[in-house]
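In what follows, a single structure is set out as structure tokens and then discussed.
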Amino acid sequence: MHTLSTFHHYVQRARNISLNNPERARLVLEEHKAILQAIMEHDAEKAEKLTTLHVRNASLNLLKKKQANEGE
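Following our numbering, the numbering of the sequence shown begins with 46 at its first residue and continues without gaps.
Set out below in structure tokens:
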């Protein structure tokens, strides 16, 4: 249960950071729409690829934010 709680905290924090950037928030919405569309089309492979890309983009965004904060 601790691992799930830690993961949930990480996701919440990532969401807050991402949504503070209007451009990233717009991209997140587009990514979510594409994932949902793939699910509605019963295209599991596409949904998986889009979800993986979404998580990768979120991770890169967090890394950039962290590096920018360290440079201040």
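The beta-carbon is built from N, C-alpha and C at its ideal position, and this holds for glycine as well.
Reduced DSSP category for residue i - H, G, I as helix; E, B as strand; rest coil
i     : result
Glu93 : helix
Glu75 : helix
His99 : helix
Glu86 : coil
Expected contact under 8 Å - CB spacing of residue i and residue j to nearest Å
i      : j     : result
Ala103 : Ala92 : That belief does not hold up - the Cβ atoms of Ala103 and Ala92 are roughly 16 Å apart, past 8 Å.
Glu115 : His99 : The Cβ separation is near 25 Å, so there is no contact.
Terminal residues of the alpha helix (DSSP H) in which residue i lies
i     : result
His47 : His47 to Leu64
CA nearest to the CA of residue i, picked from the options
i     : options                       : result
Thr97 : Thr51, His54, Val73 and His47 : Val73
C-beta contact flag for residue i and residue j at 7 Å
i     : j      : result
Leu95 : Ala79  : yes
Asp59 : Leu107 : Correcting the residue type first, residue 59 is Ala in the shown sequence and not Asp. Cβ distance < 7 Å, so Ala59 and Leu107 count as in contact.
Ile62 : Lys110 : yes
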